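There are 2 protein chains.
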Amino acid sequence: MDLDTAVADQRELVTTLFDQLRRDGLDEPGVTRDPYGSGEQRAHDTVTAIAQRLGLRIEHDAAANLYMTLPGRDPTAKRVIVGSHLDSVPHGGNFDGAAGVVAGLAAVAALQRLGVTLACDLTVMGIRAEESIWFQVSYIGSRGALGMLPDGALDVRRIDTGRTLADHIADCGGDPGALRAGRRFLEPAQLQAYIELHIEQAPSLVAAGRPIAICTGIPGNFRYPDARIEGSHDHVGLPRRFRRDAAMAGAEFAMALDGLWQEYDAKGVPMACTIGRSHTDAASHGLTIVPGAFNFSLDVRAYDEAVLAALDRRVDAIIGGIEQRRGVRFHCGTKARAAVGQVDQTIKLALENGAARLGIPVLQLGSPASHDAAAFAAAGVPIGMIFIRNENGSHNPHEAMEIDDFMAGMSLLTWYLMQQSSTHPQSSTHPQSS
Amino acid sequence: MDLDTAVADQRELVTTLFDQLRRDGLDEPGVTRDPYGSGEQRAHDTVTAIAQRLGLRIEHDAAANLYMTLPGRDPTAKRVIVGSHLDSVPHGGNFDGAAGVVAGLAAVAALQRLGVTLACDLTVMGIRAEESIWFQVSYIGSRGALGMLPDGALDVRRIDTGRTLADHIADCGGDPGALRAGRRFLEPAQLQAYIELHIEQAPSLVAAGRPIAICTGIPGNFRYPDARIEGSHDHVGLPRRFRRDAAMAGAEFAMALDGLWQEYDAKGVPMACTIGRSHTDAASHGLTIVPGAFNFSLDVRAYDEAVLAALDRRVDAIIGGIEQRRGVRFHCGTKARAAVGQVDQTIKLALENGAARLGIPVLQLGSPASHDAAAFAAAGVPIGMIFIRNENGSHNPHEAMEIDDFMAGMSLLTWYLMQQSSTHPQSSTHPQSS
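This is the structure in structure tokens:
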């Protein structure tokens, strides 16, 4: 039995599981797996049933995350976690999140088919509540598992039900009290690696014509959620040299950031900047009024803390120049920051080697989006991610992943697990010799 | 008696009249002379009382405009009208509009003091309802006088009272039925000139350190009151090359127009462009969403129809380029146009000559704003305008005109009337020989 055959044998498991998950979450158009609600719970139940059929050990933590463990030779060895989240946005796609859990279970089944026993425990993790749209808090499940939930998170309310996160967690058998006390289920020092397979949320793989990508990093960011430019409201006939047009200052700011991005693109340094919200004041704007106020939000993200720091300085310089040239004043308001999620270079290299061995063409890709893996990285756990080609983006019912591409990613995941979890990397578990 | 003395003798009349008008309209902060309402009516009553004291003939038309006539030697000769409006915006300044009527009455008094009888009738006109904020229709009084009110105008409602223009006109003794029938009080072919003195609504005279300006033209414009850019709503992590960011397209559009304006400024061709309203959609925008829609308004104005037409083509070309580069689509919606208000070159030259004779330093200035004079120009009446230096713009309580500057403008107006209305320009009415 070789790896290819063992993986191919899981195709039916994979398609059956995705189909069942789609039926569980169906909420036309698309699927809704509301976190700590019935949608997400049905996915947990379906996944648990498969894990039980595979003979895995089932556990839950205080955040009601699901752990499905295939024991290794040494129960005291640092374990590997393969996971992703099982919730979705409202009317989202079937693959965002769930693909990572399905891949973990299919990899377990392939390992079993190969008769391989890993050196350490392998845990497939079904993570709760990753989508921040519901509670406006990100990484609830993964940060809960790691004892890193932010202050006050348990008291926030789900935007649709109005009930607190604590109540929702209790509904699903969790223990909000333990979370409040900061107790953690996962001890970062005892984790060898956290590996997440996820659909790509941008069309880079589609454009490159490759089935999978190896993640080079998860972006950190700085954000101004609520910035404002103050100029002067004036008569439409005011000559240009007298104007202090706040919206024109906003336009210059946007174009300067776009130019900055083009400059970094040309250097091959990945980043992104987004002015998601921008507007003159509804109460004072009009066809014949030079706008004296302009509001905007800003998200600047990059994969390297030094790049982020440089961008931060550049943004400040751009603002200073515009203030001087246009006689306006920027009030940037609260500044939020998120650290870069560093990918473990050893894991990344192992995944690259694996793809080369398996003959899978891969792309090196900075994650366009945030993922639970970033919470593990923040806790000091070595992380790696595999992205699967996906048309039409995510967070919508039109996401479209080909099962062939998924199987390629799952195959690489299985190969990686065999390599990294074996005490003897060149032993009989090597696919070429099995 | 020379012109200087005759004009100087009117200083008390002028200050008394402005003070009374301020008291009539007082509505802290500033003054409110609501058109076809009690604020405007009090101004009409005050002005009428002064006109009666000066022995002028008082008339009203169907739009309740006020005509105060000083008879000339030949009642069949084409008459000259000196006028402006007596309404104001809510909490506006005391001089916007009223200064032109006060100047006309003071010029009449100066002519009487000089013992000059003009060749033709001179009518000082107190015009109704120029400020479009109240009925959202511009030039109601002047266009009513000329039989050029737009269709449906009589049925629009004042934004504060909710009552129709027709009802408001009837309240003030006007005849909405006659207006509806298109009857006109003023016959353009029988008017020699319409002269309007008005405060400047921008700080060009303040910046230039000159008391008055001779108007070189009233701008025409083209407008997109409600335009929209359509792109694609996407995830904040989407790489630049895949984005169809509607707001970024809007920023590029704004900056391109700003560049166009700088180009015209450098050539010395006056114009203005204003994006008064611009915004992403409140329902779909957010910190982590690439905006797929952006709405804006546009006003482009210039003083020459050929310049306007060229700007129109340039705007189209800018839009085409952005659509191609950014994968977005502009939906410009309704396009509104207003013709350029051409200043009569003979009148303009006469005013320039007069200023030179009187030793008043003047600026040549395109009107930043629209004025009743534009309605007269549209009807084919030769027009001229004199702007008075004014700090702090208009349409606000802080407008600040110095009486010395006003007296300089009024002096030029008086000189002009003596010249233009005399059948013998070099006769005894010439200031130098009187």
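Heads up: the protein sequence lines correspond to chains U and R, in order.
Counting in the numbering used here, the first sequence runs from 9 upward without gaps.
Counting in the numbering used here, the second sequence runs from 9 upward without gaps.
Where a beta carbon is used, it is the ideal one built from N, C-alpha and C, also for glycine.
Remember, predicted model here, so these are calculated numbers, not experimental data.
Residue 2 (chain U): buried (16+ other C-beta within 10 angstroms of its C-beta) or exposed?
The structure shown does not extend to residue 2 (chain U), since chain U is modelled only from 9 through 442, so no value can be given for it.
Roughly how far, in whole angstroms, is the beta-carbon of residue 310 (chain U) from the beta-carbon of residue 228 (chain U), given that I think they are within contact range, below 8 angstroms?
Here residue 310 (chain U) is taken as the residue at index 302 of the first sequence, counted from 1. Here residue 228 (chain U) is taken as the residue at index 220 of the first sequence, counted from 1. Yes, residue 310 (chain U) and residue 228 (chain U) are in contact; Cβ-Cβ is about 7 angstroms, under 8 angstroms.
Do we get a CB-CB distance below 8 angstroms when we pair residue 250 (chain R) with the residues of chain U?
Your numbering for residue 250 (chain R) matches position 242 in the second sequence. Yes - at least one Cβ of chain U is within 8 angstroms of the one on residue 250 (chain R).
Could you please tell me which residues of the stretch 391–412 of chain U, in chain order, have their CB closer than 9 angstroms to any CB of chain R?
So the list reads 401, 402, 403, given in the order they occur along the chain.
Are the C-beta of residue 132 (chain R) and some C-beta of chain U separated by less than 8 angstroms?
For this step, residue 132 (chain R) is matched to residue 124 along the second sequence. Chain U contact via Cβ: absent.
Just the C-alpha distance for residue 86 (chain R) and residue 219 (chain R), rounded to the nearest angstrom, thanks.
What you label residue 86 (chain R) is simply residue 78 of the second sequence in a count that begins at 1. What you label residue 219 (chain R) is simply residue 211 of the second sequence in a count that begins at 1. Approximately 31 angstroms, taken between the alpha carbons.
8 angstroms is my cut-off, CB to CB: does residue 218 (chain U) come that close to chain R?
To locate residue 218 (chain U), count along the first sequence from 1; it is residue 210. No, residue 218 (chain U) does not count as interfacial toward chain R.
Let me know the secondary structure DSSP gives residue 205 (chain R) once reduced to three states.
Within the second sequence, residue 205 (chain R) is the residue found at index 197, counting from 1. Reduced to three states, the DSSP call for residue 205 (chain R) is strand.
Jot down the residue ranges of each uninterrupted alpha helix (DSSP H) in the stretch 227–295 of chain U, minimum 4 residues, whole runs only, in chain order.
Counting whole runs of 4 or more residues, the stretch 227–295 of chain U contains the alpha helix (DSSP H) stretches 254–275.
Could you list the residues in the stretch 282–305 of chain R with a C-beta less than 7 angstroms from some C-beta on chain U, going in chain order?
Residues 282, 283, 284, 285, 286, 287, 288, 293, 294, 295, 296, 297, 298, 299, 305.
Please list, in chain order, the chain U residues whose beta carbon lies closer than 7 angstroms to that of residue 260 (chain R).
Against the second sequence, residue 260 (chain R) aligns to sequence position 252. The answer, in chain order, is 263.
Which two residues bound the contiguous beta strand (DSSP E) that contains residue 301 (chain U)?
In the first sequence, residue 301 (chain U) corresponds to position 293, counting from 1. It spans 301–310 - the beta strand (DSSP E) in which residue 301 (chain U) sits, taken as one unbroken run.
Excluding the 5 residues preceding and the 5 following residue 438 (chain R) in the sequence, name in chain order all residues of the same chain whose CB lies nearer than 6 angstroms to its CB.
The residue you call residue 438 (chain R) lines up with position 430 of the second sequence. Only weak support exists for where residue 438 (chain R) lies, its pLDDT of 40 falling under 50; the value from the coordinates is given anyway. Once the five neighbours on either side are set aside, residue 438 (chain R) has no close Cβ partner at all.
Mapping the DSSP letters down to three states, classify residue 431 (chain U) as helix, strand or coil.
Position 423 of the first sequence, counting from 1, holds the residue named residue 431 (chain U). With a pLDDT of 47 at residue 431 (chain U), under the threshold of 50, the predicted position of this residue should be treated as unreliable, though the coordinate-derived value follows. If DSSP states are grouped into helix, strand and coil, residue 431 (chain U) belongs with coil.
By Cβ distance, which residues of its chain are closer than 7 angstroms to residue 416 (chain R), with the 5 residues on each side in sequence left out?
Position 408 of the second sequence, counting from 1, holds the residue named residue 416 (chain R). Contacts found: 219, 220, 368.
Using the beta-carbon of each residue, which ones in chain U are nearer than 7 angstroms to residue 246 (chain R)?
Locating residue 246 (chain R) in the second sequence gives position 238, counting from the first residue. Near residue 246 (chain R) (Cβ distances below 7 angstroms), the residues of chain U are 210, 376.
Across which residues does DSSP place residue 92 (chain U) in a beta bridge pair?
Along the first sequence, read from residue 1 onward, the residue named residue 92 (chain U) stands at position 84. The partner list for residue 92 (chain U) (beta bridge, DSSP) reads U:134.
Taking CB distances under 8 angstroms as the criterion, tell me whether residue 243 (chain U) reaches chain R.
On the first sequence, residue 243 (chain U) is found 235 positions in, with the first residue counted as 1. Chain R contact via Cβ: present.
Considering only their Cβ atoms, is the gap separating residue 237 (chain U) from residue 258 (chain U) smaller than 8 angstroms?
One-based indexing of the first sequence puts residue 258 (chain U) at position 250. One-based indexing of the first sequence puts residue 237 (chain U) at position 229. Closer than 8 angstroms, so yes.
Given that a residue counts as buried once 16 or more other Cβ atoms are within 10 Å of its Cβ, and exposed if not, what is residue 185 (chain R)?
Reading the second sequence from its first residue, position 177 is the one you call residue 185 (chain R). Per the 10 Å Cβ criterion, exposed.
Do residue 66 (chain U) and residue 25 (chain U) come within 8 angstroms of each other at the CB atom, strictly closer than that value?
In the first sequence, the residue the question calls residue 25 (chain U) occupies position 17. In the first sequence, the residue the question calls residue 66 (chain U) occupies position 58. Taking 8 angstroms as the Cβ cut-off, residue 25 (chain U) and residue 66 (chain U) do not qualify as a contacting pair.
Assign residue 406 (chain U) to one of two classes, buried (16 or more other C-beta atoms within 10 Å of its C-beta) or exposed (fewer than that).
In the first sequence, residue 406 (chain U) corresponds to position 398, counting from 1. Residue 406 (chain U) should be labelled exposed.
Quick one: which chain U residues come within Cβ less than 8 angstroms of residue 136 (chain R)?
Numbered from its first residue, the second sequence carries residue 136 (chain R) at position 128. Neighbours of residue 136 (chain R) on chain U: none; closest Cβ ~21 angstroms, over 8 angstroms.
Under the three-state reduction of DSSP, which class applies to residue 151 (chain U): helix, strand or coil?
Position 143 of the first sequence, counting from 1, holds the residue named residue 151 (chain U). Three-state result, residue 151 (chain U): helix.
Among the residues of its own chain, which have a CB less than 6 angstroms from the CB of residue 69 (chain R), if the five just before and after it don't count?
As a position in the second sequence, residue 69 (chain R) is number 61, starting the count at 1. Once the five neighbours on either side are set aside, the close Cβ partners of residue 69 (chain R) are 153, 193.
Measuring CA to CA, which of R:171, R:362, R:156, R:342 is closest to residue 188 (chain R)?
Position 180 of the second sequence holds residue 188 (chain R). The candidate whose alpha carbon is nearest that of residue 188 (chain R) is R:156.
Could you give the distance in angstroms between the alpha-carbon of residue 133 (chain U) and the alpha-carbon of residue 381 (chain U)?
The residue labelled residue 133 (chain U) in the question sits at position 125 within the first sequence. The residue labelled residue 381 (chain U) in the question sits at position 373 within the first sequence. Roughly 12 angstroms between the two C-alpha positions.
For the stretch 340–353 of chain U and the stretch 234–248 of chain U, state whether three or more C-beta atom pairs, one from each stretch, are separated by less than 8 angstroms.
Judged by Cβ distances under 8 angstroms, the stretch 340–353 of chain U makes contact with the stretch 234–248 of chain U, as three or more pairs qualify.
Taking residue 421 (chain R) as the reference, which of R:385, R:222, R:213 has the closest Cα?
Here residue 421 (chain R) corresponds to residue number 413 of the second sequence, with the count starting at 1. The candidate whose alpha carbon is nearest that of residue 421 (chain R) is R:222.
Return the CA-CA distance between residue 159 (chain U) and residue 190 (chain U), expressed in angstroms with no decimal places.
Translated into the one-based positions of the first sequence, residue 159 (chain U) becomes position 151. Translated into the one-based positions of the first sequence, residue 190 (chain U) becomes position 182. Cα to Cα, the separation comes out at about 10 angstroms.
Take residue 279 (chain U) as the anchor and find which of R:345, R:244, R:252, R:105 has the nearest alpha-carbon.
Position 271 of the first sequence holds residue 279 (chain U). Looking at the Cα atoms, R:244 is the closest of the given residues.
In chain R, which residues lie with their C-beta within 7 angstroms of the C-beta of residue 231 (chain U)?
Here residue 231 (chain U) corresponds to residue number 223 of the first sequence, with the count starting at 1. Per Cβ cutoff of 7 angstroms: 295.
Do residue 135 (chain U) and residue 97 (chain U) have their beta-carbon atoms positioned less than 8 angstroms apart in this structure?
Within the first sequence, numbered from 1, the residue matching residue 97 (chain U) stands at position 89. Within the first sequence, numbered from 1, the residue matching residue 135 (chain U) stands at position 127. No, they are not a contact pair.
Mind pulling the chain R residues with CB within less than 8 angstroms of residue 307 (chain U)?
As a position in the first sequence, residue 307 (chain U) is number 299, starting the count at 1. Correct list: 244, 295, 296.
In this structure, what does DSSP give as the bridge partners for residue 372 (chain U)?
Taking the first residue of the first sequence as position 1, residue 372 (chain U) is located at position 364. Residue 372 (chain U) pairs with U:222.
Of the residues U:56, U:45, U:37, which one's Cα is nearest the Cα of residue 100 (chain U)?
The residue labelled residue 100 (chain U) in the question sits at position 92 within the first sequence. Closest option to residue 100 (chain U), Cα to Cα, is U:37.
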